[in-house]
Each structure stands twice: as structure tokens, then as C-alpha cells.
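This report refers to the structure that appears directly beneath it.
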DNA sequence: TTTGAAAGTGTTAAAATGACACCAAGTAAT
DNA sequence: ATTACTTGGTGTCATTTTAACACTTTCAAA
């Protein structure tokens, strides 16, 4: 806040292009999305965190910036979903006034480039940010409506994540360093939105060798403590380098 | 050409957003891409067909429009790849002057939304278009360089097509109404960029029931004439409705 | 000590995959 | 008419992958 402007040569906002982020988190039970609250008088209206980009900014940088501004998280898994640009997307009156409040020209045609990212929920406990009244984790499946075309973007993000996890083991970005196979199992079920047989799942994961078992076990649970595992980065890199592209879920 | 301007209320070009199309065609041997020629004095510089969008236009509409302006083809298979927007993408001097010639502000930061589309080459024989000196089909694998960031876009398009064809039988958009299994086979090999066993390929295709055999055969070929097939649209729709998402190539 | 709750483990039948080689049917050349 | 050439078309088998399925273990709490 107290910093000088002009870290970068051109700090011109581009009024036509924004980025929006679909930030997924996993609470060991279901997928959640980070949304910001515009707190209209008439009810609550949620939106995806996003903002206009600077003229001199790469799109990916802009997405990282927005994410960091909101959550303080850097260098996390972030992937482009695509561009969305219905010229009539700013349909509701509330959308218009909201845009005005964050210095965008409400009349301008804005296309938005959507990203999705996967974060460890433990790494971010929402706090009100600079321009959003509040940010909150909401279970994906409870969301029925969002501002602008954000609901459409969310659907696309879910579909993309589902597709992606069949191809690359990106789910680990949603889990802590140490996790149990049951947690991983639930995560896959949540993303793929279908039950997976426990034994078949475990067999498949083990055969892929993308996790390795730690010497440590869970403790303090009122049932048999489970083995802890970590993600095997090296083997993952091998796989992706050989063009491996199917995890068969 | 002789039509009145103003079919749509606002015909303002948006100087910040363009669409570029990667148009694939198949010559029964390899994949080709439609490129336009900027015919600089110093050598030839190819680019992907693209243009700025209108303010009042959906992105998908813009892509369709650009495609139709260039090829006259309507309602063909078209899918978004994503947004590309290195602020420094207009690096070469030749790029700058080219942009000037098509009424874009060369200094403006442009992000471009890339699409790929699949067309039957027989349906389009390139002719010089309004602003391009010429358009040409070029084998994908012979392309080493393109204007702006178009080469990067092409790579992304190839990767996306490869990924997509494993999930949906979109290859049929590249073939004529009637085709042989060998042609389909070659098409899959070209897209996946690896050899596929003939018998295994045929078995898989037949089991999917996405083609049906016509009563007709090839004629005029200096070898055993092959059975002709057509794409089974109905069965394809069934598959996609049931969420089927793996063709297992 | 009992109860509850999640962890962990193996087999089998069915389906999918990958590797592999020969004959058939046409045209063109002699 | 025969031959050569070219591409079309076909089946089997061994291996791997998948999907379905149930019971015992281990801990904390009552």
C-alpha cells in the first residue's frame, strides 16, 4: 500500500482484458472454490477473483499477480482455461456498478482469460482483500450462481480439471506434503465426480509409482492410523518427459 | 463486397483483441495448415489467418467470421485453444508494418484468442483473400517459423488436436463424406504422429461403431478397391451424451 | 472389554491391447 | 495372357488391464 507506483515501466491497465481465477482447494472431503463477496445490499453475490491486466504484462503473469494479491500465494499450480468474451456479459445492473467500483469502465467490452489453480487449503485462510469485502472457500457443488459469466467459467474449470487429472497427477497440488491414500482417493472421487473402487484405486496409484510411502503414520485418529505418503516428483518428471499421457481413470 | 455496412449495431473494431485460426486440412497423407502470405520483399513470411474482433461480437462468432472471410466456409468444426498475449509479441519490424497495413495500431498491446478448425481440403481451394496476398496449404511439419507468436500457437493447436482426437472422433471433419478405413488410419497416424497397427486400428474403429460401411467401393485405383465408409453421426451423439470420453489411442 | 470407524489387503473373470503374416483384387506393363 | 506391382483386408494368441467383490486389522472412545 505504501509502496511507490511504477515497479514496471508501464502501469497502464488495459480496459479490455481481464483475468479471472478459479482457485480450487480440497478439504479432504470435497472440492472448494475461492470466491469473493461483493456484498450487495440485496443478498450476497459471489464472483471469481479477477482483475484487469496491465498492458505490459504477460497473461500468465497477470494471473499469478491477481492470485498473489488475493491469497499471498506464489508460484502455485496455475493453468489457462481459455478466453471468455460474450459482449453482453455485463448484463446485470449490479455487475455494472461493481465494475465501476474497481475502476473499470463498465461500458467497455471486456474479454476475460480464465485460469484455474490448485492450492493447499491449509496454505491459505481467506481474509478480506483490498477490494473484495471478503473471500471464502465454498464447496463447488453448492454454487448455483455467480456474477458475470463466472458460473460458465467455473463449469469450464471443473471440466478441465477433470480432464487434466486423467492425464497428469496434478491432484497433489491440492494435498499437503504428507497425505494418506484415502485422502488421495477421496480427492480423485471429488474431481472425477464418481466413486472409485478402493482397492483398484490403490493398485493403480502404486503401480504408477508417483507416491512413496513415508516411515511415518497418522496419529491421534480414533481408528487404525494410516500410512503417510508423499508425491514422487522425480518419477513424475520422468513420466512427463517420455510423453506419458494417460493415467487411466 | 457490395453489401451495405452495418449489419450489426456496433461495427467498432477492438484494437486489443484479435482471433487467429489454425485451420487444419488433410491431403490423405499428412496434416496441412492454411497460412496466409505477407509477401515481404525479403523472403516469404507466413502467418495464421486472423484479425481484430468487433466490440459487439462473441469470440466464437469472430472466429467463424474470420474463417468465413478467408475461406467462405461456414459452420465448420471450430474450437478454442486459448488466449495468447505476450506483450512483446510484435517484435519484428516486419510484423509491425504488416499490422499497420491492416489498420491495427502496431503499438497497442494485442492479445489474441486462438482457435483451431478442421476442414475438408476438397471444400476449400485457396484463393487470395481481401487483405492477404495469398493463402496456401502447407504441410504442418514443414513449418519452421511464422509471424508474431503464431508458431507457438501452431504448436499448441497440434497438441490440442492430438489430445482431442483421443477423446472425440473429430477427425471426420477432415475427411470427405465417403472415405476408406486406410484414409482414416493415415489421418490418425498423422495427428498422433506415430504409426498405428493396421489391424488393431481397424478393430478399434469398428468396435466403436462410429463408421458404417456403404454399399459402394472405390473405383479407378490400380489395386484392390477399398470399401467406402461414412461417419455414424447418431452413434457419435449417443456416445458423447453418455459422457464417453476415451477412444483409447 | 466392547464398539465404532477407517485402514489395508488378493483373486478372479472379462475385456483390451499389442504383436504378428498372408491372401485378394484390381491396374499396368510386357 | 501372364506377370508384376500395389494396396485392401483379415484372425489369433499371449499379455496386460480392468472391474467386481469381503474380510481382517488397528486404534480411540465409551
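Protein chains in written order, with this note's numbering: chain G, 1323 to 1571; chain Y, 1323 to 1571. We put the CB at the ideal spot given by N, CA and C, even for glycine.
Taking Cβ to Cβ, would you say residue i is nearer than 8 Å to residue j?
{"i": "residue 1442 of chain Y", "j": "residue 1496 of chain Y", "result": "yes"}
{"i": "residue 1534 of chain Y", "j": "residue 1548 of chain Y", "result": "no"}
{"i": "residue 1350 of chain G", "j": "residue 1447 of chain G", "result": "no"}
{"i": "residue 1405 of chain Y", "j": "residue 1435 of chain Y", "result": "yes"}
{"i": "residue 1461 of chain G", "j": "residue 1354 of chain G", "result": "yes"}
{"i": "residue 1403 of chain Y", "j": "residue 1346 of chain Y", "result": "no"}
{"i": "residue 1458 of chain Y", "j": "residue 1359 of chain Y", "result": "yes"}
{"i": "residue 1352 of chain Y", "j": "residue 1512 of chain Y", "result": "yes"}
{"i": "residue 1339 of chain Y", "j": "residue 1339 of chain G", "result": "yes"}
{"i": "residue 1527 of chain Y", "j": "residue 1503 of chain Y", "result": "yes"}
{"i": "residue 1550 of chain Y", "j": "residue 1500 of chain Y", "result": "yes"}
{"i": "residue 1357 of chain G", "j": "residue 1374 of chain G", "result": "no"}
{"i": "residue 1381 of chain G", "j": "residue 1341 of chain G", "result": "yes"}
Excluding the five sequence neighbours on either side, which residues of its own chain have a C-beta within less than 6 Å of the C-beta of residue i, listed in chain order?
{"i": "residue 1523 of chain G", "result": "1507"}
{"i": "residue 1489 of chain G", "result": "1567"}
{"i": "residue 1390 of chain Y", "result": "1396"}
Based on DSSP bridge pairs, tell me the residues matched to residue i.
{"i": "residue 1434 of chain Y", "result": "Y:1340, Y:1406"}
{"i": "residue 1534 of chain G", "result": "G:1552"}
{"i": "residue 1439 of chain G", "result": "G:1345, G:1400"}
{"i": "residue 1501 of chain G", "result": "G:1551"}
{"i": "residue 1461 of chain Y", "result": "Y:1354"}
{"i": "residue 1539 of chain Y", "result": "Y:1549"}
{"i": "residue 1376 of chain Y", "result": "Y:1335"}
{"i": "residue 1479 of chain Y", "result": "Residue 1479 of chain Y is not bridged to any residue."}
{"i": "residue 1369 of chain G", "result": "G:1358"}
Within its chain, find whatever has a CB closer than 7 Å to the CB of residue i; leave out the 5 residues flanking it on each side and keep chain order.
{"i": "residue 1509 of chain G", "result": "1348, 1493, 1496, 1497"}
{"i": "residue 1531 of chain G", "result": "1554, 1557"}
{"i": "residue 1366 of chain Y", "result": "1359"}
{"i": "residue 1520 of chain G", "result": "1507"}
{"i": "residue 1483 of chain G", "result": "1346, 1438, 1513"}
{"i": "residue 1372 of chain G", "result": "1340, 1341, 1342, 1343, 1388, 1434"}
For residue i, is the classification buried or exposed, using 16 other Cβ atoms within 10 angstroms of its Cβ as the cut-off for buried?
{"i": "residue 1315 of chain G", "result": "With chain G represented from 1323 up to 1571, any question about residue 1315 of chain G goes unanswered, as that position is not in the structure."}
{"i": "residue 1476 of chain G", "result": "buried"}
{"i": "residue 1379 of chain Y", "result": "buried"}
{"i": "residue 1566 of chain Y", "result": "exposed"}
{"i": "residue 1515 of chain G", "result": "exposed"}
{"i": "residue 1407 of chain G", "result": "buried"}
{"i": "residue 1487 of chain G", "result": "buried"}
{"i": "residue 1471 of chain Y", "result": "buried"}
{"i": "residue 1491 of chain Y", "result": "buried"}
{"i": "residue 1401 of chain G", "result": "buried"}
{"i": "residue 1543 of chain G", "result": "exposed"}
Within its chain, find whatever has a CB closer than 8 Å to the CB of residue i; leave out the 5 residues flanking it on each side and keep chain order.
{"i": "residue 1541 of chain Y", "result": "1547"}
{"i": "residue 1397 of chain Y", "result": "1386"}
{"i": "residue 1571 of chain Y", "result": "1487, 1488, 1510, 1514, 1518, 1526"}
{"i": "residue 1474 of chain Y", "result": "1406"}
- Item | Near-chain G residues of the stretch 1333-1347 of chain Y (beta-carbon distance less than 7 Å), N- to C-terminal order | 1336, 1338, 1339
- Message: Using a Cβ-Cβ cutoff of 9 Å, what residues of the stretch 1554-1565 of chain Y are near chain G? List them in chain order.
- Response: Within the stretch 1554-1565 of chain Y, no residue has a Cβ that lies closer than 9 Å to any Cβ of chain G.
- Could you list the residues in the stretch 1429-1448 of chain G with a C-beta less than 8 Å from some C-beta on chain Y, going in chain order? 1431, 1433, 1435
- Mind listing which residues of the stretch 1350-1383 of chain Y have their C-beta closer than 7 Å to chain G's C-betas, in chain order? Legend: CB atoms of the stretch 1350-1383 of chain Y lying less than 7 Å from CB atoms of chain G belong to residues 1377, 1378, 1379, 1380, 1381.
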